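A quick write-up on the structure given underneath.
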Amino acid sequence: MTLGTLDPLTMARNSKNMQTPVSQKRCSMVPPEGPPAPPQRRPRKQPHPCRGTEKGDPTFQGVTLTFQLKPDCSLQILPTYSSHSQGPPASPASTPEPNPGGSEAQAPRCCASCRTQRTPLWRDAEDGTPLCNACGIRYKKYGTRCSSCWLVPRKSVQPKKLCGRCGLSMDPHQDPTQEM
42 MTLGTLDPLT
52 MARNSKNMQT
62 PVSQKRCSMV
72 PPEGPPAPPQ
82 RRPRKQPHPC
92 RGTEKGDPTF
102 QGVTLTFQLK
112 PDCSLQILPT
122 YSSHSQGPPA
132 SPASTPEPNP
142 GGSEAQAPRC
152 CASCRTQRTP
162 LWRDAEDGTP
172 LCNACGIRYK
182 KYGTRCSSCW
192 LVPRKSVQPK
202 KLCGRCGLSM
212 DPHQDPTQEM
């Protein structure tokens, strides 16, 4: 026998005498443990979907919300309760909401410069003149407007330039954010 090689009989005897750690021993009857199976996902769609209640369904018990766009571009939500329910709950939500603008009139707002009635945010000039978001930002940034008709120019105004709406001279006013 040469050095470094073992015959099959010697290898079999040595392997029977070798001990393996308990963590490596496995029974042939138990399958090897793998990583835990991921939890079953619920299907995204219902197996048997059904339609909701119709608008005029007399068996509906609950509330129906009606959405209305008011002239000042705010959203008004009106609840309508089913006749089978106990009626509206006694809460401050059933009373008409106060006007968030304070004492201003219910008439639709109109930008003094571009005459739009829809804007994500209304801005008021220093004298309370309503300006849409874009005109208000331009007026605050450049401080230029027509003194007669409140037109806020879209581009920088050259000296002695006339208003495009009324024809008067457009004078740069003091920036409303600065004080003397």
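When we follow the working numbering, the leftmost residue of the sequence shown carries the number 42, and every step to the right adds one.
The beta carbon of each residue, even a glycine, is placed where N, CA and C say it ideally should be.
Just so we're clear, the structure is a prediction, and the values are computed from it rather than from any experiment.
Runs of alpha helix (DSSP H) wholly within the segment 141-185 (minimum 4 residues, chain order): 174-183
Could you give the residue range of the beta strand (DSSP E) that holds Thr105? Val104 to Leu110
Let me know the secondary structure DSSP gives Pro84 once reduced to three states. coil
Here's a check: name, in chain order, each residue in its chain whose Cβ is nearer than 7 Å to the Cβ of Leu162, leaving out the five neighbours to either side. Asn174
Going along the chain, which residues of its own chain have a beta-carbon closer than 7 Å to the beta-carbon of Leu116, five neighbours each way excluded? Phe108 and Leu110
What does a CB cutoff of less than 8 Å around Cys207 pick up in its chain, not counting 5 residues either side in sequence? Cys187, Ser189, Cys190 and Leu192
Comparing alpha-carbon positions, which option in Thr160, Gly205 and Lys196 lies nearest Pro112? Thr160
Can you tell me which of the three DSSP states Pro194 falls into? coil
Nearest to Cys114 (by Cα), restricted to the options Cys152, Thr121 and Pro84: Cys152
Environment of Leu203 [buried if 16+ CB atoms lie within 10 Å]: exposed
Which of the three DSSP states is assigned to Ser126 in this structure? Unreliable placement is indicated for Ser126, whose pLDDT of 42 sits below 50; no coordinate value is reported for it.
Using the Cα positions of Gly142 and Gly205, report the straight-line distance between them to the nearest angstrom. At Gly142 the pLDDT is 44, less than 50, meaning the model places this residue with poor confidence; the figure from the coordinates comes in the next sentence. About 31 Å.
Do you know offhand how far Glu138's Cα is from Thr157's? For Glu138, the pLDDT reaches just 46, beneath the cut-off of 50, and the residue's location in the model is therefore unreliable, although a value from the coordinates is still provided. The alpha-carbon atoms of Glu138 and Thr157 are separated by roughly 25 Å.
Inter-residue spacing [alpha-carbon to alpha-carbon] between Arg195 and Pro90: 54 Å
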